[in-house]
Amino acid sequence: MSHQITVPFGPQHPVLPEPIHLDLVLEDERVVEAIPSIGYVHRGLEKLVEKREYPEYVHIAERICGICSFIHGSTYVQAVETVMGIEVPERALYLRTIWSEYSRMHSHLLWLGLFADSLGFESLFMQAWRLREHILDDLEATTGGRVIQGACKVGGVRKDIDAKKLDEMVAGLEALEPEIREMNRVFFQDNSVLHRTKGIGVISGKDAYELGAVGPTGRGSGIAEDARMLGYAAYDRINFRPVVETGGDSYSRCVVRGRELYTSIDIIRQAVEKIPDGPVEVKVTGSPDGECWSRAEQPRGEVIHYVKGNGTRHLLRHRVRTPTFANLPFLVKALAGCELADVPVIVLSIDPCIGCAER
Amino acid sequence: MKSEEQPITPIEAADLLARVSAFHNEGYRLVAISTTRLGDQCQVDYSFDRDFSFRTLRLLVPEGTALFSITGIYWAAFPYENEMHDLFGITVTGIAIDFNGTFIKTAIPYPFSVTTVKPGDVQ
Numbered sequence: 003m004s005h006q007i008t009v010p011f012g013p014q015h016p017v018l019p020e021p022i023h024l025d026l027v028l029e030d031e032r033v034v035e036a037i038p039s040i041g042y043v044h045r046g047l048e049k050l051v052e053k054r055e056y057p058e059y060v061h062i063a064e065r066i067c068g069i070c071s072f073i074h075g076s077t078y079v080q081a082v083e084t085v086m087g088i089e090v091p092e093r094a095l096y097l098r099t100i101w102s103e104y105s106r107m108h109s110h111l112l113w114l115g116l117f118a119d120s121l122g123f124e125s126l127f128m129q130a131w132r133l134r135e136h137i138l139d140d141l142e143a144t145t146g147g148r149v150i151q152g153a154c155k156v157g158g159v160r161k162d163i164d165a166k167k168l169d170e171m172v173a174g175l176e177a178l179e180p181e182i183r184e185m186n187r188v189f190f191q192d193n194s195v196l197h198r199t200k201g202i203g204v205i206s207g208k209d210a211y212e213l214g215a216v217g218p219t220g221r222g223s224g225i226a227e228d229a230r231m232l233g234y235a236a237y238d239r240i241n242f243r244p245v246v247e248t249g250g251d252s253y254s255r256c257v258v259r260g261r262e263l264y265t266s267i268d269i270i271r272q273a274v275e276k277i278p279d280g281p282v283e284v285k286v287t288g289s290p291d292g293e294c295w296s297r298a299e300q301p302r303g304e305v306i307h308y309v310k311g312n313g314t315r316h317l318l319r320h321r322v323r324t325p326t327f328a329n330l331p332f333l334v335k336a337l338a339g340c341e342l343a344d345v346p347v348i349v350l351s352i353d354p355c356i357g358c359a360e361r
Numbered sequence: 190m191k192s193e194e195q196p197i198t199p200i201e202a203a204d205l206l207a208r209v210s211a212f213h214n215e216g217y218r219l220v221a222i223s224t225t226r227l228g229d230q231c232q233v234d235y236s237f238d239r240d241f242s243f244r245t246l247r248l249l250v251p252e253g254t255a256l257f258s259i260t261g262i263y264w265a266a267f268p269y270e271n272e273m274h275d276l277f278g279i280t281v282t283g284i285a286i287d288f289n290g291t292f293i294k295t296a297i298p299y300p301f302s303v304t305t306v307k308p309g310d311v312q
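Chains F and P supply the protein sequences, listed in that same order.
So for the first sequence, the numbering used here puts the first residue at 3; every next one is plus one.
So for the second sequence, the numbering used here puts the first residue at 190; every next one is plus one.
As structure tokens, then:
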């Protein structure tokens, strides 16, 4: 039997934008076991629900994450609206759908850049982030915020987008699509990318399901599940199919995210075609009395916001189960048996958001 | 916008492993374990999903009660069970990967086991 040593990985590491620590048990260069440790950025945001009234708490919910902030806000208000039986105006539901897809594109392009960086492919990293700027510009132009949009409220949305701007957004995305295809061609076909990602960190579909994997992490292993299929917001009036790859490796997880950019453009195009005129919010009175698990598809997978109210302005509980938290067991299994040099690529392949996971 | 049915089944702690095993055998995935403090006891919800059918088993756990880990059935439950311990102080025995209270580092131990703000005490 080879001699075993334990190598610490993180919490500070060049490929990690956020702190997670792994104890890697090695035999020679092969990882035998990986034990994750989080807790470096736990902020106790769920606890703040005791101090903020439920309508203003949406600002806290949005700050759970600096990348998928909009969907955290929309999923929280969706939970409160369900408990209170609020009928949200149709136009607001379409606007939430459009901004959700912009958030997904911004997150995927950010991740693709970081992934290229983890492979040492700096020019590809710059291309991905250059394209991401277009998405951030539209988010800023329509909500006022590049990172924290602040557009959702209980009962609807705070901002509207006029028809001219909506058409400009679609035209801008259609002009961007060929550039995304060119970028994806490198991610999907370049030899150096394939060499670093193909067959690396393989998890079968059966194992991924057993491990509770969600989002592109699960879909890269062939699990055809996407919370948008639940039909929340305006997704029940949009035609789309989840992007699924069956390789189960880091390459497949990358391809899923790259192809999902096209799906997002198509969803936005359909939403702009179908968005009705009308108000974007309704007046909300009363307080939530009941409970609900609100589910939505974030860029990293299914997110759950659980709220429980007792008829007062303060919720009894707000609990968030983020996709990264659900994907931690998948990561532990994917690392077992890999080479030490592949650890950064595998860790990044689940698109970990530690700030999100710790709340 | 569509909304989904979310049935909740109250169970006793002694039945936990058998009920969770039944979900596992029927092909459900573990979605989340959520804990809520209610007075001097905790509400622990084990949520499962299969083909967008969302089901929850609910336990009411008096203070000082220990729960059996379900990681022998759903190995992926270990982050939830460590979180349950670190934030609420609930003892869970037999966790596959037990961090012994160091999974989530907090300024005060078991912060969710106490209420820091009384109703109406808005800051």
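Every residue gets a Cβ at the ideal spot worked out from N, C-alpha and C, and that includes glycine.
- For Ile259 (chain P), no CB of chain F lies under 7 Å from its own CB, so it is not counted at the interface with that chain.
- Between Ile202 (chain F) and Val347 (chain F), the gap from beta carbon to beta carbon is short of 7 Å.
- Collapsing the DSSP output to three states places Gln195 (chain P) in coil.
- Spanning the alpha carbons of Arg259 (chain F) and Pro57 (chain F) requires a straight line of approximately 33 Å.
- Chain F has no Cβ within less than 7 Å of the Cβ of Arg244 (chain P).
- Here Ile40 (chain F) is buried. Its C-beta has 16 or more other C-beta atoms within 10 Å.
- The DSSP-derived three-state label of Asn193 (chain F) is helix.
- When Cβ-Cβ separations below 7 Å define contact, Arg187 (chain F) makes no contact with chain P.
- Taking a Cβ-Cβ threshold of 9 Å, none of the residues of chain F is close to Ile279 (chain P); the smallest such distance is about 14 Å.
- In the assembly as shown, Pro180 (chain F) is an exposed residue. Its beta-carbon has fewer than 16 other beta-carbons within 10 Å.
- The beta-carbon separation of Tyr269 (chain P) and Arg239 (chain P), rounded to 18 Å, does not stay under the 8 Å limit for a contact.
- Its Cα nearest to that of Val281 (chain P), the residue P:Val233 stands out among P:Val233, P:Ile297, P:Arg226, P:Ile197.
- Boundaries of the beta strand (DSSP E) harbouring His307 (chain F): 303-312, taken from the DSSP string.
- Looking at the backbone, the Cα of Pro38 (chain F) and that of Gln14 (chain F) are separated by about 14 Å.
- By the C-beta density criterion, Val9 (chain F) is exposed, having fewer than 16 other C-beta atoms within 10 angstroms.
- At least one CB of chain P lies nearer than 7 Å to the CB of Trp295 (chain F).
- At least one C-beta of chain P is nearer than 7 Å to the C-beta of Arg319 (chain F).
- In the three-state scheme derived from DSSP, where H, G and I count as helix and E and B as strand, Phe327 (chain F) is classed as helix.
- Here the alpha carbon of Tyr253 (chain F) sits roughly 47 Å from the alpha carbon of Gly253 (chain P).
- Note that the stretch 272-291 of chain P does not touch the stretch 338-358 of chain F; fewer than 3 beta-carbon pairs, one per stretch, sit closer than 8 Å.
- Nearest Cα to Met171 (chain F) within the set F:Ile69, F:His307, F:Leu138, F:Lys200: F:Leu138.
- CA-CA distance, Thr295 (chain P) to Ser194 (chain F), rounds to 42 Å.
- Chain order gives no chain P residues near Thr145 (chain F), where near means a beta carbon separation below 9 Å; the closest approach is about 21 Å.
- Of the residues assessed, Arg134 (chain F) falls on the buried side of the cut-off, its CB having 16 or more other CB atoms within 10 angstroms.
- Rounded to the nearest whole angstrom, the C-alpha separation of Ile262 (chain P) and Leu330 (chain F) is 17 Å.
- Counting the other Cβ atoms within 10 Å of the Cβ of Pro218 (chain F) gives 16 or more, which makes it buried.
- Rounded to the nearest whole angstrom, the CA to CA distance from Asp164 (chain F) to Leu112 (chain F) is 28 Å.
- In the three-state scheme derived from DSSP, where H, G and I count as helix and E and B as strand, Thr291 (chain P) is classed as coil.
- With 16 or more neighbouring CB atoms inside 10 Å of its own CB, Gln272 (chain F) falls in the buried class.
- Note that the C-beta distance between Pro290 (chain F) and Met86 (chain F) is below 7 Å.
- Gly152 (chain F) sits away from Val286 (chain F), with the two beta carbons spaced by 7 Å or more.
- If you look at Gln272 (chain F), you'll find it in the alpha helix (DSSP H) that goes 252-276.
- Using a C-beta cut-off of 8 Å, the stretch 268-284 of chain F makes contact with the stretch 233-249 of chain F, since at least three inter-stretch Cβ pairs fall below that distance.
- In the DSSP assignment, the residues bridged to Leu246 (chain P) are P:Thr198, P:Tyr235.
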